[in-house]
Structures are given as C-alpha cells and as structure tokens.
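Read the structure below first, then the notes.
Numbering (this note's numbering), first residue to last: 308 to 458.
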C-alpha cells in the first residue's frame, strides 16, 4: 500500500514538474508575442509563482519519493546507472534554472518601459526561453530513465 502511494506521488511529481515547465514555455510565448508590456509583466509574475508552486513543488515531490522508493527497494542510488543518470540530469536542469532562468525571470518581472528598452525585455525573455527549453531536455531524459530504467 505504501509503495503504491509513493509511486503515485512520484508520478504526480513528474507530471507537475515537467508539465509545468512545458506548459509555461508555451503560454509565455503566446503572451510575449502579443508584446503588451503590462500583460507580459503579469505573465512573468505568473511564471515565478507557478515555478515556485509546481516546478519546485513537483521537483521536490519527484526527488523525495524517488529516493524513498529506491531505498525501500534496496537500490543503491549512485551505483544504479539509471538513477545516477536521472539525478545528474535533474541536477543539470536545476543549475540551469538557478543560474540563468531565475535571474531572467526577475528581469522580466521588474521590466519598466519608462526605464528599460524593449531590447532588454526581449533579451531577458530570449535567454529565459532558449535556456528554458534546453533545461527541459534533461527533465524529459530523467522521466525516460524512470520509465525505461536503462542499465
């Protein structure tokens, strides 16, 4: 029973985590394309809020339940190849998020047309968008590791 609950929470964490990342990338592109600064600032604030709730929350749920499930099954975390790859991929994506995406999000939220040029908003969004999609690749790879369990 407990393993079924843990596995369900693990899958839910993956859905929230990866799902939010992908959906946010799509709807933010729609807002950005309209280029209404006021609306885009709202979108940037929503990105920050959903990142903290769903990306961080889902990632924490995914990571915690994954570790607990592996330990309950007697799988050594670092010696089990697919777990190690998944951990490394999640770590890479997290570093990209912390180093590039969070600062770009802050710039987008603080953007003020009276003080900043449109090029600054475009630059922050472009960095956020490109690195965000690149950071999604290791997340999808981690989900693949979870499902395929390659040796």
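Built from N, CA and C at the ideal position, the CB exists for glycine as well. The structure displayed is predicted, hence computed values, not measured ones.
Next item on the list: Could you tell me if residue 435 is buried or exposed, where buried requires 16 or more neighbouring beta carbons within 10 angstroms of its beta carbon?
Entry: Counting of Cβ neighbours within 10 angstroms places residue 435 among the buried residues, the total reaching 16 or more.
Next item on the list: Within the same chain, show all residues whose beta-carbon is closer than 7 angstroms to that of residue 335, passing over the 5 residues directly before and after it, in chain order.
Entry: 350, 354.
Check: Alpha carbon to alpha carbon, what distance is there between residue 369 and residue 382?
Finding: Approximately 17 angstroms, taken between the alpha carbons.
Item checked: Spatial neighbours of residue 365 in its chain, beta-carbon cut-off 6 angstroms, leaving aside the 5 residues before and after -> Non-local C-beta neighbours of residue 365 in its own chain, meaning closer than 6 angstroms and more than five positions away in sequence, comprise 320, 323, 324, ordered along the chain.
Item checked: Three-state class that DSSP yields for residue 433 in the structure shown -> Helix.
Check: Does the region 438 to 457 come close enough to the region 388 to 403 that 3 or more CB-CB pairs lie under 8 angstroms?
Finding: Cβ pair count under 8 angstroms is three or more, so yes.
Notebook entry, point to check: Excluding five sequence neighbours on each side, which residues of the same chain lie with their C-beta closer than 6 angstroms to the C-beta of residue 449?
Noted result: Correct list, in chain order: 393, 396, 397.
Next item on the list: List in chain order: all unbroken beta strand (DSSP E) runs of 3+ residues lying wholly within the region 371 to 417.
Entry: Fully enclosed beta strand (DSSP E) runs of 3 or longer: not present.
Notebook entry, point to check: Using the C-alpha atoms, what's the distance from residue 427 back to residue 347?
Noted result: Straight-line spacing of the CA atoms in residue 347 and residue 427 works out to 13 angstroms.
Check: From which residue to which residue does the alpha helix (DSSP H) around residue 335 run?
Finding: Taken as a continuous stretch (DSSP letters only), the alpha helix (DSSP H) holding residue 335 covers 309 to 341.
Check: Whole-angstrom Cβ separation of residue 429 and residue 407, contact assumed at under 8 angstroms?
Finding: About 16 angstroms; that fails the 8 angstroms criterion.
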